[in-house]
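There are 2 protein chains.
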Amino acid sequence: MKIAFIGLGVMGYPMAGHLKRAGHDVTVFNRTRARADKWTAEYGGVAAATPALAAKGADAVFCCVGRDADLAAVTLGEDGAFGAMAAGALFVDHTTASANMARELDAQAGQRGFDFVDAPVSGGEAGAVNGKLTIMCGGSEAAYARAETIFSCYARQARRLGPAGAGQLTKMVNQICIAGVLQGLGEGLSFARAAGLDIEAVVDVISKGAAQSWQMENRHKTMAAGHYNHGFAVEWMRKDLGICLDEARRNGASLPATALIDQFYAEVEHMGGKRWDTSSLFARQEFTRKGTS
Amino acid sequence: MKIAFIGLGVMGYPMAGHLKRAGHDVTVFNRTRARADKWTAEYGGVAAATPALAAKGADAVFCCVGRDADLAAVTLGEDGAFGAMAAGALFVDHTTASANMARELDAQAGQRGFDFVDAPVSGGEAGAVNGKLTIMCGGSEAAYARAETIFSCYARQARRLGPAGAGQLTKMVNQICIAGVLQGLGEGLSFARAAGLDIEAVVDVISKGAAQSWQMENRHKTMAAGHYNHGFAVEWMRKDLGICLDEARRNGASLPATALIDQFYAEVEHMGGKRWDTSSLFARQEFTRKGTS
Numbered sequence: 001m002k003i004a005f006i007g008l009g010v011m012g013y014p015m016a017g018h019l020k021r022a023g024h025d026v027t028v029f030n031r032t033r034a035r036a037d038k039w040t041a042e043y044g045g046v047a048a049a050t051p052a053l054a055a056k057g058a059d060a061v062f063c064c065v066g067r068d069a070d071l072a073a074v075t076l077g078e079d080g081a082f083g084a085m086a087a088g089a090l091f092v093d094h095t096t097a098s099a100n101m102a103r104e105l106d107a108q109a110g111q112r113g114f115d116f117v118d119a120p121v122s123g124g125e126a127g128a129v130n131g132k133l134t135i136m137c138g139g140s141e142a143a144y145a146r147a148e149t150i151f152s153c154y155a156r157q158a159r160r161l162g163p164a165g166a167g168q169l170t171k172m173v174n175q176i177c178i179a180g181v182l183q184g185l186g187e188g189l190s191f192a193r194a195a196g197l198d199i200e201a202v203v204d205v206i207s208k209g210a211a212q213s214w215q216m217e218n219r220h221k222t223m224a225a226g227h228y229n230h231g232f233a234v235e236w237m238r239k240d241l242g243i244c245l246d247e248a249r250r251n252g253a254s255l256p257a258t259a260l261i262d263q264f265y266a267e268v269e270h271m272g273g274k275r276w277d278t279s280s281l282f283a284r285q286e287f288t289r290k291g292t293s
Numbered sequence: 294m295k296i297a298f299i300g301l302g303v304m305g306y307p308m309a310g311h312l313k314r315a316g317h318d319v320t321v322f323n324r325t326r327a328r329a330d331k332w333t334a335e336y337g338g339v340a341a342a343t344p345a346l347a348a349k350g351a352d353a354v355f356c357c358v359g360r361d362a363d364l365a366a367v368t369l370g371e372d373g374a375f376g377a378m379a380a381g382a383l384f385v386d387h388t389t390a391s392a393n394m395a396r397e398l399d400a401q402a403g404q405r406g407f408d409f410v411d412a413p414v415s416g417g418e419a420g421a422v423n424g425k426l427t428i429m430c431g432g433s434e435a436a437y438a439r440a441e442t443i444f445s446c447y448a449r450q451a452r453r454l455g456p457a458g459a460g461q462l463t464k465m466v467n468q469i470c471i472a473g474v475l476q477g478l479g480e481g482l483s484f485a486r487a488a489g490l491d492i493e494a495v496v497d498v499i500s501k502g503a504a505q506s507w508q509m510e511n512r513h514k515t516m517a518a519g520h521y522n523h524g525f526a527v528e529w530m531r532k533d534l535g536i537c538l539d540e541a542r543r544n545g546a547s548l549p550a551t552a553l554i555d556q557f558y559a560e561v562e563h564m565g566g567k568r569w570d571t572s573s574l575f576a577r578q579e580f581t582r583k584g585t586s
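Same order as they appear, the protein sequences are chains B and P.
Numbering of the first sequence is given in this note's numbering, commencing with residue 1 and proceeding in unit increments.
Numbering of the second sequence is given in this note's numbering, commencing with residue 294 and proceeding in unit increments.
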């Protein structure tokens, strides 16, 4: 299949690689050209000068960029992919973006006669590299069915949750749950430190019951060591929580703890932690207690 | 071994039963006598009229009551167990109480020449009935070693975390982590509802990754159904969070989300949810969004 992949960031780079290795004819576009050249040197394929040139003649166009504005630029902007895509093609967006953006792109795709699927992922850089991502999708059943056959190149699981935007909304639920888990864990482990307890021993005894979480199991050691190098960074989490809070203004959901935790992440940024991973809420807890993290 | 068990509540009743079934000579005390009589009718053994009478001549005295004041009454109060216990005996407290209370009881036990272990549990009523509790302990190594041999009657795991009070402090870490997980989950699932998503489908797709938690796996169905009958009630969670917040005033830990969630539980109580289980934070979220849960 002739595929275009737009956005070779931490996630897109290996995802596009999986598509190429699966035998697809892949053309890539990346804003910073050097990274596209690195990709073609590694995987073969072709690097295009614009999203439109990458998308021209493609059966399916995949995209994984940073923010709504980036997504708008590479789709609807000058030299964007949408203007070059043929009727009958498929556009799959792996960006974590707003549901409104997904609905807008779906409407625009519909007018142009091609399919759209919003398909944000979870699983992080490791999931992208190992081809074990989870993909949360919105779009028509027909559009999803087309995308699903290709997802097997890098997904452990994929699911359609509803019409366009439903993938983004599901990703928001995911981020809201993570925020609560991490703040609770950050407070719990900081309290443990303040109480003179050994974090490793405490987690060992509480991690089999009602307090258990993936974050507790996978992050308590690095949190205790003050290491926040697990990839998904605070500045990206803030972007996602901002999307959640914006969407909640529309749909009427109340997100008091999420809003508070978003502010805590702002404080982590002020502590120099823009690039620390999301478990750095613990660093803020420790800073609050000791005046140093 | 000659054992006394004080407090035959939801937890203590089956725990004392396990001790009796393991072949120990068990004397029980319960504030409401009828429940002690029910216990002896079911298990045999003897019901005593006061904690002191139950504790007299016992090698080990176990206790599982409600609050610090109840614990003070059955130990140090008139007809309390401490006045009747022999030097060389062992007192094990399964109450979730303050760490200060544990330290005070440990000091009093030391003056009287017997051992003390604070040993709050997790695992709920099911864990007590099935003998699969987790026990978080504080006390001297020698005192813990004595208690540990008896815990096997109803524990899946037991661990000493430090000196007297360390069991209570570890239980607090457990409750703080649970509070964060549940509020995040409550906001996430309520957001999903507001967004028109199917909760079951959303949880299916996000529950294998970074948002996963025991609470998500074990409570999302009942939360979605508005059923809050899982036992451990909001009024007890408030007691525990109050202990956490009091202790944090002493040790300097910062618990902003925990303090907020404690207030949310107060609101759940005002909604008539004093006896609902802790996952009823979702009911509050739904009430906030819709004016009805």
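Note that the Cβ used here is the ideal one computed from N, Cα and C, for glycine as well.
Does any C-beta atom of chain P lie closer than 9 Å to the C-beta of residue i?
i, result
"residue 292 of chain B", "no"
"residue 271 of chain B", "no"
"residue 85 of chain B", "no"
"residue 305 of chain B", "Coverage of chain B is limited to positions 1 through 293, which leaves residue 305 of chain B absent and any answer about it impossible."
"residue 266 of chain B", "no"
"residue 233 of chain B", "no"
Within 9 Å of any Cβ in chain B, is that where the Cβ of residue i sits?
i, result
"residue 335 of chain P", "no"
"residue 439 of chain P", "no"
"residue 484 of chain P", "yes"
"residue 608 of chain P", "Within the shown structure, residues of chain P are numbered from 294 to 586, placing residue 608 of chain P beyond reach of any answer."
"residue 390 of chain P", "no"
"residue 554 of chain P", "yes"
"residue 519 of chain P", "no"
"residue 386 of chain P", "no"
"residue 434 of chain P", "no"
"residue 400 of chain P", "no"
"residue 480 of chain P", "yes"
"residue 429 of chain P", "yes"
"residue 576 of chain P", "no"
"residue 511 of chain P", "yes"
Check this for me: beta carbons of residue i and residue j, under 9 Å apart or not?
i, j, result
"residue 430 of chain P", "residue 452 of chain P", "yes"
"residue 89 of chain B", "residue 121 of chain B", "no"
"residue 62 of chain B", "residue 86 of chain B", "no"
"residue 530 of chain P", "residue 571 of chain P", "yes"
"residue 187 of chain B", "residue 550 of chain P", "yes"
"residue 60 of chain B", "residue 101 of chain B", "no"
"residue 574 of chain P", "residue 478 of chain P", "yes"
"residue 339 of chain P", "residue 358 of chain P", "no"
"residue 67 of chain B", "residue 95 of chain B", "yes"
"residue 345 of chain P", "residue 374 of chain P", "yes"
"residue 169 of chain B", "residue 490 of chain P", "yes"
"residue 563 of chain P", "residue 424 of chain P", "no"
"residue 386 of chain P", "residue 369 of chain P", "no"
"residue 274 of chain B", "residue 234 of chain B", "yes"
"residue 435 of chain P", "residue 252 of chain B", "no"
Strictly below 7 Å CB to CB, what residues from chain B border residue i?
i, result
"residue 397 of chain P", "By Cβ distance, chain B contributes nothing, its closest Cβ being about 17 Å from residue 397 of chain P, past 7 Å."
Interface residues of chain P around residue i at Cβ under 7 Å?
i, result
"residue 288 of chain B", "547"
"residue 166 of chain B", "490"
Can you name the residues of chain A whose CB is closer than 7 Å to the CB of residue i?
i, result
"residue 568 of chain P", "The structure shown contains no chain A; its protein chains are B and P."
For a contact meaning CB atoms closer than 9 Å, what does residue i contact in chain B?
i, result
"residue 477 of chain P", "176, 177, 178, 179, 180, 181, 182, 183, 184, 257, 258, 261"
List the residues of chain P that residue i touches, going by C-beta distances under 8 Å, in chain order.
i, result
"residue 194 of chain B", "541, 544, 545, 546"
Mind checking the region 118-133 of chain B against chain P and listing, in chain order, the residues whose C-beta falls within less than 9 Å of any C-beta there? 122, 123, 124, 127
Scan the region 500-561 of chain P and note each continuous alpha helix (DSSP H) run of 4 residues or more that stays entirely inside, going in chain order. 507-518, 527-544
Can you pull out the residues from the region 495-508 of chain P whose beta carbon lies closer than 8 Å to at least one beta carbon of chain B? 495, 497, 498, 499, 501, 502, 503, 504, 505, 506, 507, 508
Interface positions of the region 534-551 of chain P facing chain B (Cβ-Cβ less than 8 Å), listed along the chain: 537, 540, 541, 544, 545, 546, 547, 548, 549, 550, 551
By the 7 Å beta-carbon criterion, what residues does the region 169-180 of chain B contribute toward chain P? 169, 170, 172, 173, 174, 176, 177, 178, 179, 180
Runs of 4 residues minimum, wholly inside the region 108-134 of chain B: which ones carry the alpha helix (DSSP H) assignment? 124-130
Could you name the residues of the region 150-161 of chain B whose beta carbon sits closer than 8 Å to any beta carbon of chain P, in the order they occur along the chain? 156, 157, 159, 161
Contained beta strand (DSSP E) runs [length at least 3] in the region 148-199 of chain B, N- to C-terminal order: 155-162
Secondary structure, beta strand (DSSP E): runs of 3+ residues fully inside the region 310-378 of chain P: 318-322, 353-356
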